[in-house]
Structure formats: C-alpha cells, structure tokens
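In this note's numbering, the protein residues as written are 34 to 305.
Ideal placement from N, C-alpha and C gives every residue a C-beta, glycine not left out.
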Amino acid sequence: MSLLYCVFGHPIHHSRSPDIHLAFARQFGLDLRYEKREAPLDGFAESVAAFIAEGGSGANVTVPFKQQALTLAGQVSDRARRAGAINTLKRTDAGDLYGDNTDGEGLVSDLKRLGIEPAGANIAILGAGGAVRGVLAPLLAQQPKRLVIANRTVARGEQLAQEFSDLGAIEAVAPDALSDAFDLVINGTSASLSDELPALGNVSLAANGWGYDMVYAAAPTAFMRWASEQGGNSADGLGMLVGQAAESFYVWLGKRPDPEPVLLQLRKQLSA
Ligand code: ATR
C-alpha cells in the first residue's frame with residue numbers, strides 16, 4: 034500500500050504541496066499519495082483524526098490551522114514551540130502525533146542555496162507577525178553578526194526579541210530608526226500579498242546585499258524591485274516553500290530531496 038500524506042488548510046485548492054512532494058517522492062522511487070484536504074474551520078481536529086484513522090502517515094498544515102495544530106500534537110519540536118505553530122505532523126510508531134515546524138529551516142536552506150551566508154551577516158527583518166516568528170530560531174542558530182527586527186508596530190518586535198533572547202540578541206526598532214546598510218533584508222510583512230512596499234525607513238543594502246521576500250510571485254514584488262533599485266540582488270520565497278517541504282519530507286521519511294529541479298519546475302509553472 035502506498036504511503037499517505039496530505040496538506041490541511043482552508044482554503045487549500047491553491048496549494049502547491051502535492052506537486053512538490055510527489056516530485057520529491059519520484060527522486061527516491063517512492064510510492065506516495067499526497068492529497069489536499071480542506072478541513073472545516075471548526076473541524077480541524079476531526080479531520081486530522083479521520084486522516085490518521087485512514088492510515089495517514091503525516092501531514093502538512095497551513096493557514097489557518099498552524100497554531101491549532103499545537104494542541105493536537107503529543108510531542109512538539111523546540112523549533113515548532115518557538116514558532117508557536119506547526120506545519121508538519123507525523124504519526125509516530127506509538128500512534129501519537131509529533132509536530133514540527135520546518136519554515137525557518139526552509140528559509141535558511143534557501144538562503145544557502147542562493148549563496149547567502151547568514152553566519153556573521155548583518156540581517157534586518159521587516160515584520161513581526163507569525164511568518165517572522167516562525168523563522169527566528171533557525172536564523173539565530175546561524176549566528177548572524179546582527180539581527181534587527183524593523184516592524185511598524187515596534188512593541189511586536191520587542192516582544193519577539195524578548196521571547197528569543199536566550200537564543201541570541203535581536204534588536205527591535207521602527208523602520209524609520211534604521212539608517213544602516215545590511216547584507217540581507219528579509220521581508221516578512223504581509224505587504225507583498227498586495228504588492229505594497231513595506232516602510233523601509235533609511236534601510237539600504239550593503240554591496241552585493243540581498244533583498245529576500247518571504248512571499249513568492251510570478252513577477253518581482255515591490256520589495257524585490259526596491260532591492261534591485263538599490264543595486265542589490267533579490268529573491269522571492271518560492272525556494273523557501275520548496276525548502277520547508279524538503280525538510281518536512283526529511284522529518285517524515287528520513288530522506289533529503291534535491292530542491293533544485295522541483296524549484297525549476299514550479300518557477301516554470303508560475304510564469305506560464
Ligand atoms: P503573518 O502571520 O503573515 O506574519 P500577521 O501576523 O498579520 O501575518 O503579521 C503581518 C506583519 O506584516 C505585521 O508585522 C505587520 O505589521 P504590524 O505588526 O505593524 O501590524 C506587517 N505589515 C503588514 N502590512 C504592512 C505594511 N503595509 N507595511 C509594513 N508592515 C506591514
């Protein structure tokens with residue numbers, strides 16, 4: 034019988050996860066089924082239970098169930114607890130659910146794929162919502178020289194800085210208070226969803242610096258165009274999407290897929 038996986042969300046029709054995981058499975062000749070499951074807004078726990086009863090081995094979890102998934106997992110990884118969200122569930126041998134969050138590792142692996150070395154770098158992150166919280170622990174583990182959260186609402190950045198202070202130093206400032214050049218500026222605001230440019234204050238990119246947008250899009254986002262105008266490099270978050278999926282695949286199956294061909298295929302589909 035083939036292994037059964039799925040992604041839970043609401044809505045879920047737009048999800049690219051089945052394509053990604055089926056492509057990964059092909060790399061290893063694995064017989065794997067991966068479905069999209071739209072759980073009712075008030076029926077996530079029941080949907081997960083039904084899936085496990087059907088023999089599901091693991092699932093990805095996306096909006097709006099990532100926080101709720103924390104209440105379903107008997108065991109939770111430290112990075113998921115820190116993120117306050119689970120994007121990967123795995124049925125353990127004991128029949129229990131293990132919850133993990135691979136978003137931050139997806140970002141870090143994509144940065145490295147692009148040749149961006151977070152270790153020792155000056156990094157600014159725009160935004161202080163769930164997307165940013167989800168990547169802080171893996172980013173701090175890389176030991177950047179400086180990590181600054183520049184959020185419109187400074188108190189939200191300060192809160193994150195405090196919560197993660199045992200893992201490393203984070204400065205929390207208003208975008209207007211920044212006037213430095215950074216090796217890497219990460220856009221973790223939801224502004225890109227409407228192709229708006231988040232407030233950047235006087236932030237600039239260092240020579241050969243990068244603007245990385247956690248959102249992906251068919252065309253460069255307003256933030257990516259800003260990075261280019263600065264004379265810097267830019268990337269969207271499609272590689273992060275594939276990277277988090279690769280890390281989920283590893284959590285489930287202990288195998289590390291090659292993200293590169295899958296990323297090329299997705300990019301082609303996105304621009305078609
Ligand atoms: P998500 O879970 O996607 O991170 P969120 O928790 O609603 O969503 O957080 C969105 C983040 O984007 C917030 O940090 C928000 O700033 P505030 O904390 O000040 O609300 C930020 N954001 C959204 N639109 C923005 C914009 N146009 N410019 C700057 N920041 C923006």
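Query, Result
"Do you know how far the Cα of I203 is from the Cα of I182?", "7 Å"
"Can V165 be considered in contact with ligand 1, in the sense that its beta carbon sits closer than 7 Å to one or more heavy atoms?", "yes"
"Pop quiz: Y67 and A106 are said to be a contact at Cβ under 8 Å. What is the actual Cβ separation, rounded to whole angstroms?", "Y67 to A106, Cβ: 20 Å. No contact."
"Shortest alpha-carbon distance to D228 belongs to which of F256, A82 and Q176?", "F256"
"Give the range of the beta strand (DSSP E) segment to which G167 is assigned.", "No beta strand (DSSP E) contains G167, which is instead part of the alpha helix (DSSP H) from G163 to A174."
"So is Q277 buried or exposed if we call it buried at 16+ other beta carbons inside 10 Å?", "buried"
"Given a cut-off of 8 Å on the beta-carbon distance, is the pair S198 and A214 in contact?", "no"
"Report the residue ranges of all alpha helix (DSSP H) runs contained in full by the region 88 to 132; include only those spanning at least 4 residues, in chain order.", "111 to 116"
"Residue ranges of each beta strand (DSSP E) run of no fewer than 3 residues wholly in the region 209 to 262, ordered along the chain?", "214 to 220 and 237 to 246"
"Locate the beta strand (DSSP E) running through S80, then write down its first and last residues.", "Note, S80: premise wrong, no beta strand (DSSP E); alpha helix (DSSP H) at F77 to A86."
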